[in-house]
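Heads up: the protein sequence lines correspond to chains H and V, in order.
Sequential numbering of the first sequence, starting at -19, is according to the numbering used here.
Sequential numbering of the second sequence, starting at -19, is according to the numbering used here.
Backbone N, C-alpha and C fix where the C-beta goes; we use that ideal spot for every residue, glycine too.
Every value quoted in this text rests on a predicted model; they were computed, and no experiment measured them.
Scroll down for the structure; my scribbles are underneath it.
Protein chains: 2
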Amino acid sequence: MSEVYAARRARLRDQCAAAGSAAALVSRPANVRYLCGAVPPGAVLLLGPVQDLMVAAEVPATPPLSPPAPPPSGSPRAEEPRLLVLPGADGDPVVAAADLAATDGAESLAVEEHDLTVARHRALGAAAPRLRLADLGRCVEQLRLVKDDEEISCMRIAGELADQALGELLESILVGRTERHLALELDRRLVDHGADGPAFPTVVAAGPNAGRPGHLPTDRRVEEGDFLSICLGADYRGYRCQVGRTFVIGPSPADWQVELYDAVFAAQRAGREALSPGRAYRDVDRVTRQVLNAAGYGDALEPCTGHGVGLEIDEDPRLTPSAMGKLDACVPVTVEPGVHLPGRGGVRIDDTLVVRPEADGGPELLTITTKELLAL
Amino acid sequence: MSEVYAARRARLRDQCAAAGSAAALVSRPANVRYLCGAVPPGAVLLLGPVQDLMVAAEVPATPPLSPPAPPPSGSPRAEEPRLLVLPGADGDPVVAAADLAATDGAESLAVEEHDLTVARHRALGAAAPRLRLADLGRCVEQLRLVKDDEEISCMRIAGELADQALGELLESILVGRTERHLALELDRRLVDHGADGPAFPTVVAAGPNAGRPGHLPTDRRVEEGDFLSICLGADYRGYRCQVGRTFVIGPSPADWQVELYDAVFAAQRAGREALSPGRAYRDVDRVTRQVLNAAGYGDALEPCTGHGVGLEIDEDPRLTPSAMGKLDACVPVTVEPGVHLPGRGGVRIDDTLVVRPEADGGPELLTITTKELLAL
């Protein structure tokens, strides 16, 4: 694996050099992980003119705020960046890294302005006043867009783990249990099956909460007649996935429930079928949206119908009406239209898929839980 | 409660006016919550020259990344800031808020430079080019330092919930179970007893992992002879607490375990006893540290022996050798020295306490689980 990381760093170094920066400082945690693999929490990467360095604080945030890094696979190699741990409690790794870059003779340093706060950026500038600071922009995020086989196979496993946890939950009795407890049970099952943890806070939303964007579990109990929407994902070696389904509780769904479900299902299928290399992000969003507009739910639809996924649960690209850019092969995205009717509930159906050319069979579905409307 | 929030906003407004800014933009989530109570995830607060506004994106991050806000208590009041929800997927609330401040005639706007990224700060400046941007600094964090009775009673409940969950776990069989499973069980028990969730990722560390700073649960199983260190906290209405204890697994601890435990226990007690209004942060750290230095564990000690706690698990003040400032009454802090011996394990003992004057009985301990060395 360490060759993989070294190759990623080499690509970034080439891009920085082309943009006129001899040194770059990567601080966004998912970007550091992409370029180095296992790193201590809060570590940053300096791609320097003379040497590469990982810089970490002696004490990670206590208690820990970021997921654990996997142990490095294979033996350490010469091309791995050396790890420098700052003594004491007060050192900021980005400030120390800028100082080191200046000491190594760098004249300019590209930093991640979308990650650094204004205060950290200023402290960094003050520590190395002769360094010209440039913006690395979303350069590493761009490299992360297209996933390699190793990354996709981690995501495939993450998808299986989430499907498994959800499938088991559906076999148990749901009526009378709270959203919170169902969410905790899903988290436990994810870990039981080998996930490093949930990919994001698990969503369980019953009755009027169902389908609500950004809902977090409450003490609402599942009742007969409810819509129940569940959205979960697994983290497997840092890679994530997302599966969301909506069910009806009780022997048979009401007419309005069937109608709403069918509309969201049709929209989600249209979005999935639109995934192909070269297709504009906004086109995928548009075809999803059109189905729901035609069914009269346009006003209740959310502004984003899907997003990229990988080391972060919500990464580039975004599938929205104003998104710029086109899908590539081997880009994993979610397709997740949702409609929420205030006071009544709603429906969300989320899948994670990998964009593949038609010749390879079209988009690869990572989350295979049935999308039939189940009455539980 | 809404009078409380209005009074907090009035204090901030006075401080801003004194510093020459007629308007302030608060973006750090815990600060927004402190000033407004219940807010949608990602919402920011504009304290404007004409009106106060909360500005939120139409779609919160999907899936949700921040804890749910509690429902507002009491009826809405005239002094509550109006909520403005930005349509579409691409609006940044801080940019919209700056634009509104300029429209309302503000000439300067104080922003939280320790929260805003360089990129957001620039976008905000571009949206309102005539606005002079100033730094609000950690003004709201300073207001948050001293807690009122309502805040402390939430933290007291959070402490009880964590003690309860930990106490129940200790009654079960631990040998053979993995760190991950024990952590999940603690999380479930916290929620069972009424917590809104864990206050931070629960730490369970067995054997050589015990006492390691920043450890997150692994598949390591608990074995006879292990040190087992556990650190957890509850989130109750947004307020947090932290309790950490270390146990020995098996009928009787080894001599080195007793010796290490006694040293950390003595250090932690010294730190707790040093908590009083007017005492310098670094003094509390020093008395803790001195005990472990004298016992020969100085090198293995972490650079931070405690920190503030409230709406965030790790907030001001920090108890470190270089910290500046003095404790006040009604400031909750942790005292949590830890020593980790590589390859062998270690000991952490963490409590959350509220600083109180001697006349009121001295520091109030919120986490009352026994600190005797239990052999389980």
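Q. If we call anything under 8 angstroms between Cβ atoms a contact, is Gln222/H one with Asp143/H?
A. no
(Q) So, with DSSP's three-state summary, where would you put Asp206/V? (A) coil
Q. At least one CB of chain V closer than 8 angstroms to the CB of Glu38/H: is that the case?
A. yes
Q. What three-state label does DSSP hand Asp32/H in the structure shown?
A. strand
**Q.** Residue ranges of each alpha helix (DSSP H) within the region 89 to 135 of chain V, 4 or longer
**A.** 98 to 107 and 119 to 125
Q) Taking DSSP as the reference, what is the three-state secondary structure of Glu239/V? A) helix
Q. Does DSSP put Arg(-9)/H in a helix, in a strand, or in coil?
A. Looking at Arg(-9)/H - three-state DSSP - the assignment turns out to be helix.
Q) Per DSSP, Glu295/V forms a beta bridge with which residues? A) According to DSSP, which records beta bridges pairwise, Glu295/V is partnered with Gly288/V.
Q) Does the beta-carbon of Ser152/V have 16 or more other beta-carbons within 10 angstroms, so that it is buried, or is it exposed? A) exposed
Q) In three-state terms, what does DSSP make of Gly139/H? A) helix
Q.
Is Ala99/V close to chain H? Criterion is C-beta to C-beta, closer than 8 angstroms.
A. yes
**Q.** Distance between Ala185/V and Ile229/V (C-alpha atoms, nearest Å)
**A.** 12 angstroms
Q. Going by beta carbon distance, what residues of the same chain come within less than 7 angstroms of Arg200/V, once the five residues before and after it are set aside?
A. Thr158, Glu159, Ala186, Gly187 and Asn189
Q: Determine, using beta carbons only, whether Asp167/V comes closer than 8 angstroms to chain A.
A: Among the chains of the structure shown, chain A does not appear; the protein chains present are H and V.
Q.
If you measure between the beta carbons of Leu27/H and Ala(-1)/H, is that distance less than 8 angstroms?
A. no
Q | Supposed contact pair Ala214/H and Leu333/H - C-beta distance, whole angstroms, cut 8 angstroms | A | That pair is no contact at about 16 angstroms.
Q: Identify which residue in Val183/V, Cys211/V, Pro301/V and Leu116/V has its Cα closest to the Cα of Val6/V.
A: Leu116/V
Q) Opposite Glu344/V in the DSSP bridges: which residues? A) Val334/V
Q) Considering Thr226/H, what are the terminal residues of the beta strand (DSSP E) in which it resides? A) Looking at the DSSP string, the run of the beta strand (DSSP E) that includes Thr226/H is Val223 to Val228.
Q: Please decide whether Glu93/V counts as near chain H, where near means a Cβ-Cβ distance under 8 angstroms.
A: yes
Q: For Pro188/H, go through chain V and note every residue whose CB falls closer than 7 angstroms to its CB, in chain order.
A: Correct list: empty, because the minimum Cβ distance to chain V is about 14 angstroms.
Q: Tell me whether Asp263/H sits in a helix, a strand or coil according to DSSP, three-state version.
A: helix
**Q.** 7 angstroms Cβ shell around Cys134/H - same chain, five flanking residues per side excluded
**A.** Around Cys134/H: Tyr216, Arg217 and Tyr219.
Q: Could you tell me how far apart the beta carbons of Arg(-12)/H and Leu15/H are, in whole angstroms, since I believe they sit closer than 8 angstroms?
A: 5 angstroms
Q) From Gly54/H to Glu130/H, what does the alpha carbon distance come to, in whole angstroms? A) Residue confidence for Gly54/H is low, a pLDDT of 42 falling below 50, so the modelled location carries little weight; the figure read from the coordinates is stated next. Spanning the two alpha carbons is a distance of roughly 15 angstroms.
Q.
If you reduce the DSSP assignment to three classes, tell me which class Cys(-4)/H lands in.
A. helix
Q | Endpoints, alpha helix (DSSP H) assigned at Leu25/V | A | Looking at the DSSP string, Leu25/V is not in any alpha helix (DSSP H); the run it does join, the beta strand (DSSP E), is Val24 to Leu27.
**Q.** Three-way DSSP call (helix, strand, coil) for Ala81/V in this model
**A.** It is helical.
Q: May I ask which residues mark the beginning and end of the alpha helix (DSSP H) holding Thr161/H?
A: It should be pointed out that residue 161/H corresponds to His in this sequence rather than to Thr. Counting along the chain, the alpha helix (DSSP H) containing His161/H begins and ends at Glu159 to Asp172.
Q) Shorter than 8 angstroms from the beta carbon of Pro21/V to some beta carbon of chain H? A) yes
(Q) Out of Ile210/V, Ala82/V and Pro109/V, which one is the CA nearest neighbour of Thr182/V? (A) Closest by alpha carbon: Ile210/V.
Q. Can you name, in chain order, every residue of its own chain whose Cβ lies under 6 angstroms from the Cβ of Glu121/V, other than the five neighbours on each side?
A. Asp296
Q: Give the interface partners of Val223/H over in chain V, defined as CB-CB distance under 9 angstroms, in chain order.
A: Those within 9 angstroms of Val223/H in chain V number zero; the least Cβ separation is about 11 angstroms.
Q | CA-to-CA distance, Cys284/V to Pro67/H, given in whole angstroms | A | 11 angstroms
**Q.** Selection from Phe207/V, Leu212/V and Cys119/V that minimises the alpha carbon distance to Val319/V
**A.** Phe207/V
(Q) Contact defined as beta carbons within less than 8 angstroms: I believe Asp265/H pairs with Leu125/H. What is the distance between those atoms, to the nearest angstrom? (A) Their Cβ separation, rounded to whole angstroms, is 17 angstroms, which puts Asp265/H and Leu125/H out of contact at 8 angstroms.
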